[in-house]
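2 protein chains.
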Amino acid sequence: MNDTTFRRELGQQLRVDSIRASAKAGSGHPTSSMSAADLMAVLLDGHLRLDFDRPDDPRNDHLVFSKGHASPLYYGMLKAAGAITDEELLRYRSFGSRLEGHPTPRIPPTDVATGSLGQGLPIGVGIALAGKRLDRLPYRVWVLCGDSETAEGSIWEAFEHAAHYGLDNLTAIVDVNRLGQTTETMLGWDVDTYAERARAFGWHAVVLDGHDLDAVEAAYTEAENSGRPTALFAKTKKGKGVRAVEDQPGKHGKPVADPERAIAELGGPRALSVRVAKPEFAMSTVDAQPAEARFPSWEVGEEVATRQAYGETLTALGESRPEVVALDGEVSNSTASALFAEAHPGRYFEMYIAEQQLVAAAVGLQARGWAAFASTFAAFLTRAHDFVRMAAISRADLRLAGSHAGVSIGPDGPSQMALEDLAMFRAVHGSAVLHPSDANQTALLVTAMADRGGISYLRTLRGKTPVRTGPDEDVRIGGSRVVRGSEDDRVTLVACGVTVGEAEEAAERLAADGVAARVLDCYSVKPIDAATLRAAARDTGVLLTVEDHWPEGGLGDAVLECLADFPDAVTVRKLAVRGMPCSGSPAELRAAAGIDADRIVATVHSVLGGRRNPFGETPEEERAIIRGEQGTSVGDPHDDTDPQSG
Amino acid sequence: MNDTTFRRELGQQLRVDSIRASAKAGSGHPTSSMSAADLMAVLLDGHLRLDFDRPDDPRNDHLVFSKGHASPLYYGMLKAAGAITDEELLRYRSFGSRLEGHPTPRIPPTDVATGSLGQGLPIGVGIALAGKRLDRLPYRVWVLCGDSETAEGSIWEAFEHAAHYGLDNLTAIVDVNRLGQTTETMLGWDVDTYAERARAFGWHAVVLDGHDLDAVEAAYTEAENSGRPTALFAKTKKGKGVRAVEDQPGKHGKPVADPERAIAELGGPRALSVRVAKPEFAMSTVDAQPAEARFPSWEVGEEVATRQAYGETLTALGESRPEVVALDGEVSNSTASALFAEAHPGRYFEMYIAEQQLVAAAVGLQARGWAAFASTFAAFLTRAHDFVRMAAISRADLRLAGSHAGVSIGPDGPSQMALEDLAMFRAVHGSAVLHPSDANQTALLVTAMADRGGISYLRTLRGKTPVRTGPDEDVRIGGSRVVRGSEDDRVTLVACGVTVGEAEEAAERLAADGVAARVLDCYSVKPIDAATLRAAARDTGVLLTVEDHWPEGGLGDAVLECLADFPDAVTVRKLAVRGMPCSGSPAELRAAAGIDADRIVATVHSVLGGRRNPFGETPEEERAIIRGEQGTSVGDPHDDTDPQSG
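Below, the structure is given as structure tokens:
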């Protein structure tokens with residue numbers, strides 16, 4: 001068999017295996033696999049350099065299936081490369097199988113999970129960035145994209161950043177099969193327009209017939225030598241090779257109706273194996289040596305913004321840990337990652353205002369073993385929610401820092417206020433959610449994040465807060481701090497971040513009124529310090545949670561969770577931001593939101609029955625406000641009470 | 001004063017007012033305002049047709065400040081147009097002022113909130129779509145964009161969709177001032193490359209000097225007559241006109257240091273007013289008449305997927321309510337919005353695989369009074385989280401439907417499973433979060449959504465569920481359904497969606513064991529039916545929540561919230577998805593996640609002390625599992641227990 005014949009046969013085998021695997025599973029996307037089979041046959045047999053026996057070899061090329069639904073094709077490639085058996089292939093999509101409906105790192109050499117479209121290419125940018133700027137190894141990153149997913153803006157973020165960073169080690173192979181799930185794509189087979197777009201974004205672009213093996217061969221060679229990130233726009237046919245489904249609408253995401261006939265039409269099963277090229281270059285070991293670092297710490301009583309402590313600590317980590325890298329979404333002077341950028345310019349990556357690419361690049365960098373910290377305003381991390389969700393499925397080790405938490409940012413207004421970030425990150429599988437109240441806590445938690453696997457989120461404050469924690473205190477993920485407490489405590493104030501100061505002030509005033517209040521700083525919102533909270537519940541019976549966040553999903557819910565099966569009656573009141581904030585000073589906004597010392601004191605008195613609510617509300621009204629029955633009612637969803645009238 | 005002199009003076013006035021307002025506030029973005037002042041002066045005086053006295057006139061043009069941080073410029077325009085006084089201008093950013101740090105609809109004629117970059121243009125696409133396809137009025141949509149925000153992929157989603165829908169009524173004015181917050185943009189002043197990109201995306205593009213008033217005049221005229229969506233790439237200088245800040249780095253987002261001197265340099269304050277042109281065309285009233293609609297209902301006992309009920313009900317609503325429109329992210333055959341598309345093709349908009357543009361278009365459509373329902377897989381709505389967050393600040397009326405909830409989708413794997421959507425939508429200001437378990441419930445809730453203001457989210461199931469609810473039952477936002485119950489109930493099973501069936505089965509088996517269990521279907525997760533839940537807590541003392549969702553932020557947390565100040569001891573156990581799922585059948589995956597009838601029965605017996613846990617766990621282990629202390633520990637964030645071993 002000559003090269004071309006072998007590749008043609010291999011392409012047919014990949015089609016046959018896609019049909020077999022999805023027929024056996026009773027679901028899957030064979031037609032989306034068949035369009036790209038020739039593209040992948042040529043890649044596997046001649047261009048990919050990947051040692052399937054040593055998937056962790058740092059010299060390996062990387063193959064990312066951005067169109068993750070073409071998993072039958074991917075698994076067919078693994079079989080052809082000898083990485084899995086035919087038996088395993090036929091356990092596709094069955095319970096417990098490593099061959100899930102969409103690829104995940106459970107099956108090597110898969111770097112990251114795909115299946116949410118538009119993510120593989122921006123993650124590929126991160127891997128390619130690692131190759132060019134950090135690993136400095138000549139591996140290549142190949143990303144198979146669907147044409148439908150070019151409608152995702154994240155694809156164009158990837159195009160722009162790849163060109164900006166000169167990632168000539170990155171090749172996007174776009175399978176232009178024209179047909180989406182329900183309809184034709186916006187551009188159909190207009191590969192020239194795709195190419196024009198890629199060129200306008202600074203890429204080298206090639207248009208080709210994706211079923212012409214010589215054209216595919218030539219295109220890969222061109223990509224390898226273009227000196228620029230290169231996109232191949234390959235005109236293909238969905239379901240290619242089987243008349244019943246080829247280029248037919250309505251054939252997306254389902255097994256081929258008559259698989260035996262389809263397989264016969266493709267020439268029957270084959271048993272080809274490919275000797276995939278291995279990376280052969282020698283590696284020079286250039287391991288950077290960790291240096292002594294002076295970690296920052298602050299005197300108790302100093303006023304420091306926790307975002308500043310984040311930046312300073314990250315910079316020190318950059319000294320002691322050569323694997324630490326940082327990225328930011330063009331707000332590094334706000335998040336304080338600018339300090340790292342200045343100290344370690346070679347390990348800082350500016351991702352501009354493109355939060356999806358920001359997180360995707362971090363996921364790509366960690367796939368190569370780099371400890372990536374990515375930062376922006378916490379509110380804007382919502383932009384990357386789908387990427388964070390998928391990062392958990394990728395089993396990624398990801399450190400995210402969001403600054404400018406809550407109404408306490410003040411005059412910039414609600415668009416810049418993170419009020420849902422705790423909820424978003426608590427509901428990420430295996431996450432840690434940290435919201436320190438002072439600089440020393442922050443420093444210790446940033447270091448703990450560096451040591452931790454999985455997804456860790458640090459929420460920092462715009463404004464300065466007084467340092468309360470000594471530099472040698474036991475601050476850890478899962479911990480908390482008793483700010484004040486005694487045996488006589490009748491109520492526990494549970495706070496985090498900026499509300500710790502409000503709770504402390506409230507406790508002072510309550511003490512003057514003869515009410516002893518415990519103050520807990522729950523800087524670790526997830527995992528939360530259940531033992532300390534349950535002890536407080538036992539000791540005081542009443543807990544008031546106070547957070548600069550919407551009432552749902554944040555500190556209050558985390559506290560309620562760990563008291564869910566508490567054996568005795570406990571009263572928990574959640575103080576949180578219930579009305580839509582506006583601009584104002586931090587103090588004005590905390591007062592309007594009802595998360596300041598005044599509201600804490602009033603609520604405690606009201607709960608303990610000691611005194612009238614100074615806001616003039618009846619007990620019923622007050623409970624309704626605190627329980628959130630105002631502002632979330634059906635009739636008044638916008639809750640546009642003029643904050644001045646309050 | 002001739003036209004050009006007037007416009008020059010007006011531009012200077014806008015600069016002066018930007019400096020004055022931000023100096024008074026002590027914060028804000030005057031330099032980002034000054035670069036676009038000439039562009040906006042010419043727009044206001046000659047091209048914008050907007051009756052500021054009648055901001056709700058449907059014939060008005062729309063002006064969207066996608067670069068919302070240029071709010072001082074925007075408010076300066078409102079002052080020049082006579083919509084606000086100088087006194088109000090100087091209350092910029094003060095507490096309670098309508099002139100927030102970033103524009104919101106609190107100040108007319110603002111359609112939507114901006115301030116998260118990259119959102120104004122895709123929302124403008126929605127407004128322009130309303131103008132072309134629904135209102136059929138010749139108003140124009142002008143969007144002022146920053147150059148930095150073109151790094152957001154959502155901008156390119158907007159470019160692609162505007163061209164696809166032929167929105168020649170849309171003009172993007174890109175203020176290319178070169179400087180971002182911390183650094184130069186990727187393209188700097190390379191306006192030609194910007195234009196090349198826009199053209200490749202199907203737009204007409206004009207490059208110009210944004211301080212040359214004649215060039216600006218010519219460009220607007222060109223935009224009005226190009227017959228295509230048109231982008232102006234205007235080369236400008238940040239801080240234009242004041243030497244201390246003009247084209248200087250480090251001058252972003254802060255008041256000018258010496259405002260008096262800067263104002264003097266600009267020629268001092270002016271008091272110009274602009275007679276902004278009013279839309280003058282006559283409107284033909286073409287109000288569509290509502291038709292009689294046959295709303296779907298199903299017999300109790302039928303098996304129907306709730307997504308199917310969504311599509312059928314939406315289609316009926318389309319008959320009875322001419323203002324209802326639908327959009328989908330290229331999965332309309334999965335979400336069942338395809339039924340609406342078929343019945344009402346003129347009111348259906350295919351948004352392809354671009355969830356940010358999907359939600360943004362819905363926000364734009366509702367700004368013109370259309371009742372937009374947008375659907376895609378629930379998991380992929382995370383892609384639009386930032387747009388949903390901002391929609392709440394926009395006081396938008398938005399209906400979102402997410403299909404394919406939870407592990408119960410089966411073989412496609414975790415990338416397609418929504419496991420965080422309840423948490424995400426609960427933490428949206430003023431939201432309703434609905435998760436019906438059967439078709440009749442779904443139909444009634446979809447109708448309720450149409451009547452409701454604010455943001456409503458409906459979560460639907462991929463698989464069929466039995467119809468339990470009669471078509472005439474009282475199903476409402478904030479309600480719940482007692483599936484079964486008696487005076488003897490010793491435990492309450494609280495479920496929603498697919499877990500209602502598991503709870504029902506568990507209750508049957510518990511009854512056989514002599515344990516009476518109440519089953520509540522909490523189809524309204526927010527607002528939740530607190531009265532019924534509190535009654536159940538009073539009657540049974542033990543509640544078990546069961547949800548096909550991560551443990552955080554969903555049904556369990558909502559239940560705990562409304563029992564937070566319950567006067568007696570209550571035990572709540574949350575069953576939820578704690579390990580990372582894989583592919584498999586729905587039943588296998590629910591069993592592995594511990595949210596099936598088996599686990600419910602076992603947990604109830606264990607809580608009530610009646611029987612040994614059949615999974616062989618010690619009581620402590622079981623509690624740890626249920627409380628989530630496994631799978632979220634610091635040491636094992638990935639929680640990659642092989643699901644087969646369980």
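These protein sequence lines map, in sequence, to chains L and E. Read in order, the letters of the first sequence are residues 1 to 646 in full-length UniProt numbering. Read in order, the letters of the second sequence are residues 1 to 646 in full-length UniProt numbering. Every residue gets a Cβ at the ideal spot worked out from N, C-alpha and C, and that includes glycine. Quick caveat: nothing in here was measured; it's all calculated off a predicted structure.
query: From this set, 8/E, 384/E, 507/E, 487/E, which residue's C-alpha is nearest residue 43/E's C-alpha?
result: In the second sequence, counting from the first residue as 1, residue 43/E sits at position 43. It is 8/E.
- request: Specify the secondary structure class of residue 74/L as computed by DSSP and reduced to three states.
  value: Residue 74/L sits at position 74 when you count from the first residue of the first sequence. Residue state, collapsed to three classes: helix.
- request: Below 9 Å between beta carbons is the criterion; list the residues of the segment 289-310 of chain L that meet it against any residue of chain E, in chain order.
  value: none
- request: With residue 455/E as the anchor, note down where its beta strand (DSSP E) starts and where it stops.
  value: On the second sequence, residue 455/E is found 455 positions in, with the first residue counted as 1. Residues 455-459.
task: Kindly indicate the opening and closing residues of the beta strand (DSSP E) around residue 371/E.
output: In the second sequence, counting from the first residue as 1, residue 371/E sits at position 371. Element bounds for residue 371/E: 371-377.
task: For chain E, find out if any of its Cβ atoms is closer than 7 Å to the Cβ of residue 200/L; answer yes or no.
output: Taking the first residue of the first sequence as 1, we reach residue 200/L at position 200. Interface residue, yes.
task: Taking only runs that begin and end inside the segment 86-118 of chain L, name each unbroken alpha helix (DSSP H) of 4 or more residues, in chain order.
output: 86-89
message: Using 8 Å for Cβ pairs, my map puts residue 590/E next to residue 408/E. What's the rounded Cβ distance?
response: By 1-based counting over the second sequence, the position of residue 590/E is 590. By 1-based counting over the second sequence, the position of residue 408/E is 408. Their Cβ separation, rounded to whole angstroms, is 6 Å, which keeps residue 590/E and residue 408/E in contact under 8 Å.
Interface partners of residue 370/E on chain L, CB under 7 Å: Reading the second sequence from its first residue, position 370 is the one you call residue 370/E. Simply none; closest approach about 18 Å.
query: Which residues, in order along the segment 397-426 of chain L, keep a beta-carbon less than 7 Å from a beta-carbon of chain E?
result: 411, 412, 413, 414, 415, 416, 420, 423, 424, 426
query: By the criterion of Cβ-Cβ separation under 7 Å, what are the contact partners of residue 100/L in chain E?
result: As a position in the first sequence, residue 100/L is number 100, starting the count at 1. Neighbours of residue 100/L on chain E, chain order: 413, 582, 583.
- prompt: Closest Cβ-Cβ distance between residue 532/E and chain L: below 7 Å?
  reply: Counting from 1 along the second sequence, the entry for residue 532/E is found at position 532. Not an interface residue.
message: Rounding to the nearest angstrom, what Cα-Cα distance links residue 14/E and residue 564/L in this structure?
response: Translated into the one-based positions of the second sequence, residue 14/E becomes position 14. Translated into the one-based positions of the first sequence, residue 564/L becomes position 564. Taking the straight line joining both Cα atoms gives about 57 Å.
field: Among 319/L, 45/L, 367/L, 356/L, the one whose alpha carbon lies nearest that of residue 345/L
entry: Position 345 of the first sequence, counting from 1, holds the residue named residue 345/L. If we check each option's Cα against that of residue 345/L, 319/L comes out closest.
- prompt: In terms of residue numbering, what span does the beta strand (DSSP E) encompassing residue 173/E cover?
  reply: Counting from one through the second sequence, the residue named residue 173/E turns up at place 173. Residue 173/E -> beta strand (DSSP E) spans 170-176.
task: For residue 169/E, decide whether its Cβ has a neighbour in chain L, counting only Cβ atoms nearer than 7 Å.
output: As a working note, residue 169/E is residue 169 in the second sequence. Chain L contact via Cβ: absent.
query: When the distance is taken between beta carbons, is residue 490/L closer than 7 Å to residue 701/L?
result: The structure shown does not extend to residue 701/L, since chain L spans only 1 to 646, so no value can be given for it.
query: From the beta carbon of residue 552/L, is the nearest beta carbon of chain E less than 7 Å away?
result: In the first sequence, counting from the first residue as 1, residue 552/L sits at position 552. Yes, residue 552/L counts as interfacial toward chain E.
- request: Consult DSSP for residue 23/L and reduce its assignment to one of helix, strand or coil.
  value: The residue you call residue 23/L lines up with position 23 of the first sequence. In this structure, residue 23/L counts as helix in the three-state DSSP scheme.
- prompt: Which bits of chain E does residue 197/L rub up against, with CB to CB less than 7 Å?
  reply: Within the first sequence, the letter at position 197 stands for residue 197/L. Neighbours of residue 197/L on chain E, chain order: 200, 201.
field: Contiguous alpha helix (DSSP H) assignments of at least 4 residues, all confined to the segment 244-295 of chain L
entry: 259-265
- prompt: Where does residue 443/L land, buried or exposed, given buried means 16+ other C-beta within 10 angstroms?
  reply: Here residue 443/L refers to the residue found at position 443 of the first sequence. It is buried - the Cβ of residue 443/L has at least 16 other Cβ atoms within 10 Å.
field: Residues of the segment 560-572 of chain L whose Cβ lies closer than 9 Å to any Cβ of chain E, in chain order
entry: 560, 561, 562, 563, 564, 565, 566, 567, 568, 569, 570, 571, 572
task: Take residue 431/L and list the residues in its own chain whose beta-carbon comes closer than 8 Å to its own, dropping the five residues that flank it on each side.
output: By 1-based counting over the first sequence, the position of residue 431/L is 431. Around residue 431/L: 392, 425, 454, 455, 456, 457, 526.
message: For residue 2/L, count the other beta carbons within 10 Å of its own beta carbon; 16 or more makes it buried, fewer makes it exposed. Which is it?
response: In the first sequence, the residue the question calls residue 2/L occupies position 2. Result: exposed.
query: What number of angstroms, rounded off, separates the C-alpha of residue 173/E from the C-alpha of residue 88/L?
result: One-based indexing of the second sequence puts residue 173/E at position 173. One-based indexing of the first sequence puts residue 88/L at position 88. The alpha-carbon atoms of residue 173/E and residue 88/L are separated by roughly 55 Å.
message: I believe residue 362/E touches residue 374/E by the beta-carbon criterion, under 8 Å. Please report the beta-carbon distance rounded to the nearest angstrom.
response: Translated into the one-based positions of the second sequence, residue 362/E becomes position 362. Translated into the one-based positions of the second sequence, residue 374/E becomes position 374. Yes, they are in contact, since the Cβ atoms of residue 362/E and residue 374/E sit about 4 Å apart, within 8 Å.
task: Show which residues of chain L have a CB atom less than 7 Å away from the CB atom of residue 93/E.
output: Here the question's residue 93/E lines up with position 93 in the second sequence. Residues of chain L passing the Cβ test: 411, 583.
task: Please work out which residues of its chain come closer than 7 Å, Cβ to Cβ, to residue 641/L, disregarding the five sequence neighbours upstream and downstream, and give them in chain order.
output: Locating residue 641/L in the first sequence gives position 641, where the first residue counts as 1. Residue confidence for residue 641/L is low, a pLDDT of 41 falling below 50, so the modelled location carries little weight and cannot support an answer.
task: State buried or exposed for residue 40/L, treating a residue as buried only when at least 16 other CB atoms are found within 10 Å of its CB.
output: Translated into positions along the first sequence, residue 40/L becomes position 40. Looking at its Cβ environment, which holds 16 or more other Cβ atoms inside 10 Å, residue 40/L is buried.
message: Give me the DSSP bridge partner(s) of residue 348/L.
response: Within the first sequence, the letter at position 348 stands for residue 348/L. 326/L, per the DSSP bridge assignment.
message: Can you pull the chain E neighbours of residue 348/L, defined as C-beta to C-beta under 9 Å?
response: On the first sequence, position 348 is the one that residue 348/L refers to. In chain order: nothing, as chain E lies at least about 11 Å away.
message: Using the three-state DSSP reduction, which class does residue 394/L fall into: helix, strand or coil?
response: Taking the first residue of the first sequence as position 1, residue 394/L is located at position 394. In this structure, residue 394/L counts as coil in the three-state DSSP scheme.
- request: Give me the Cα-Cα distance between residue 134/E and residue 332/E, rounded to the nearest whole angstrom.
  value: Within the second sequence, residue 134/E is the residue found at index 134, counting from 1. Within the second sequence, residue 332/E is the residue found at index 332, counting from 1. Answer to the nearest angstrom: the Cα atoms are 21 Å apart.
field: DSSP state of residue 145/L mapped onto helix, strand, coil
entry: Working through the first sequence from its first residue, we reach residue 145/L at position 145. Note: residue 145/L maps to strand in three-state DSSP.
- request: For residue 177/L, count neighbouring Cβ atoms within 10 angstroms of its own Cβ and tell me buried if that reaches 16, exposed if not.
  value: For this step, residue 177/L is matched to residue 177 along the first sequence. The residue is buried, with at least 16 neighbouring Cβ atoms inside 10 Å.
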